Amino acid sequence: MSRQAKAVVCREWGKPVEVETITVDAPKRGEVTIKVAACGVCHSDHSATTGKIQYPPPLVVGHEAAGVVVDVGEGVTGLKEGDYVVSTFITMCGKCRNCVRGRPVLCENAKKSMVTLPDGTVRTHGKDGEDLYVFGACGVMAEYATLHEDNCVKIDEGVPMSSAALVGCAVITGVGSVFNTAQLEPGSRAAVFGIGGVGLNAIQGCVTAGAEMVIAVDTNEKKLEMAREFGATHTININEVDDVSKAIKKLSGGGVDYAFECVGNGNVVEQAFKALGRAGTVVVVGVADMKDKTSISTFALPADERTLKGSWLGSARPQYDFPRILNLYKANRLKLDELVTQTYSIDEAPQAFEDMLEGKNARGVIIFE
Ligand code: NAD
Ligand code: ZN
7 MSRQAKAVVC REWGKPVEVE TITVDAPKRG EVTIKVAACG VCHSDHSATT
57 GKIQYPPPLV VGHEAAGVVV DVGEGVTGLK EGDYVVSTFI TMCGKCRNCV
107 RGRPVLCENA KKSMVTLPDG TVRTHGKDGE DLYVFGACGV MAEYATLHED
157 NCVKIDEGVP MSSAALVGCA VITGVGSVFN TAQLEPGSRA AVFGIGGVGL
207 NAIQGCVTAG AEMVIAVDTN EKKLEMAREF GATHTININE VDDVSKAIKK
257 LSGGGVDYAF ECVGNGNVVE QAFKALGRAG TVVVVGVADM KDKTSISTFA
307 LPADERTLKG SWLGSARPQY DFPRILNLYK ANRLKLDELV TQTYSIDEAP
357 QAFEDMLEGK NARGVIIFE
């Protein structure tokens, strides 16, 4: 059965998002409809509304949600009505070369489903019946969403839905960049640039993985306070130092072993690279404009054995990592509830985006009735 749902839609790049009533079709083969309970507001959603991430409008945003399965399409084997799930903006087919070698975030089929479901069509329509694209095969900033089962991860009941939702992007991206991409060694020294929802999770990932020193870098004093609450041992406000890379080198006695770039800016990547010690690694997590470039010392790569690498959704294996993160939360080894610093109704979504841009929240979360 198709459903009417309020949804947050980008109609034109550069304009504020709009809250509209849309039609969400019933699931087709391999798909489920979920009643969304909570959806985090990620900077990537905003980037899709400006064209920084080039997802075409009209687009239903949202990729970081938790909800309950209310309708199950033909051929679905892994989910049933009433199951709790977290969305993932990566379609994981489980069969392509990258999936079978343990790299589902690089799934070949995910490339085909950036703004549609994996079969190339959508289940979402505006008031004139026109198709609406969906962010990352999700479009879950809506009361209901129809997704492919390969974009859902089943979770246990009992975790607050607003906290569980964040595992779908901010938490897995930050924590996974440390656990999976960097494979940080205990006793390491780390720096995290950009303390948004993603950077805060990189910080707590470093702490949980046993880093000896975690230096948080941001332009916003409030974010640096949050960083300390999440376990940063040192903080640097960029506006208060002449050269952030030198300041990090001094604090860490010669440079950090790992630097996580969680801003999405080539200049920051360069600062992170310059802050490394010998054998150091920069992990680029932030998503920059397509035209953005970075500049690093080519010589330092071999001579210092430095590494520059990227991390997409925390190099996750979502079916394994989401439950793993939720178990660490249950064991009080990762904070999730504290990430939710403000909740909003769906009608307040434009405000939630503004608050994110002003740096007011660790994560703002839309809560559905
Ligand atoms: P956010 O807006 O919540 O946080 C960004 C933070 O960076 C803010 O605290 C801001 O003050 C800080 N900042 C801005 N300019 C800075 C600078 N020059 N130096 C240091 N700090 C600076 O954003 P978020 O939701 O945490 O997302 C962060 C980035 O990660 C975005 O680019 C987003 O698109 C990207 N992202 C990547 C993935 C992935 O899979 N790689 C997944 C999700 C988000
Ligand atoms: Zn995100």
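According to my numbering, the sequence shown is numbered sequentially starting from 7.
Glycine included, every Cβ here is placed at the ideal spot set by N, Cα and C.
Note that the structure is predicted; figures quoted are calculated from it, not measured.
Problem set entry | Beta-carbon gap between D77 and T39 smaller than 8 Å | Yes, they are a contact pair.
Exercise. Is G200 near ligand 1, with its Cβ less than 7 Å from a heavy atom?
Worked result: Checking every heavy atom of ligand 1 against the Cβ of G200, one is found closer than 7 Å.
Problem set entry | Spatially closest choice to K118 from R330, Y139, G259, V262, by CA coordinates | Closest option to K118, Cα to Cα, is Y139.
Exercise. Cβ atoms of V159 and V250: under 8 Å apart, would you say?
Worked result: No, Cβ-Cβ distance for V250 and V159 is not below 8 Å.
Exercise. With a cut-off of 8 Å, do at least 3 Cβ pairs link the region 257-275 to the region 291-298?
Worked result: Contact between the region 257-275 and the region 291-298 is present, because at least three Cβ pairs lie under 8 Å.
Problem set entry | Where G174 sits in the DSSP three-state scheme | Looking at G174 - three-state DSSP - the assignment turns out to be helix.
Problem set entry | Beta-carbon proximity list for A285, same chain, < 6 Å, skipping 5 on both sides | Within its own chain, the residues whose Cβ lies closer than 6 Å to the Cβ of A285, once the five positions on either side in sequence are excluded, are E311, listed in chain order.
Problem set entry | For E311, the three-state DSSP class (helix, strand or coil) | E311 falls in the coil class under three-state DSSP.
Exercise. Three or more beta-carbon pairs under 8 Å between the region 237-257 and the region 169-179, yes or no?
Worked result: No: fewer than three Cβ pairs fall under 8 Å.
Exercise. DSSP on Y150, reduced to helix/strand/coil?
Worked result: Three-state result, Y150: strand.
Exercise. Can you check whether the CB of A233 is closer than 8 Å to the CB of L206?
Worked result: In this structure, A233 lies closer than 8 Å to L206 by Cβ.
Exercise. Cα-Cα, which of A188, Q348, A208, A72 is closest to A148?
Worked result: Here the closest residue by C-alpha is A72.
Exercise. When DSSP labels each residue in this structure, what does Q60 get in the three-state scheme?
Worked result: When secondary structure is reduced to three states using DSSP, Q60 falls in the coil class, being assigned neither helix nor strand.
Exercise. What is the C-beta distance between I331 and V181, in whole angstroms, given that I count them as a contact (C-beta under 8 Å)?
Worked result: Cβ-Cβ separation between I331 and V181: approximately 6 Å, consistent with a contact (criterion under 8 Å).
Exercise. Ligand 1 heavy atoms versus the CB of N245: any closer than 7 Å?
Worked result: Not so, every heavy atom of ligand 1 lies at least 7 Å from the Cβ.
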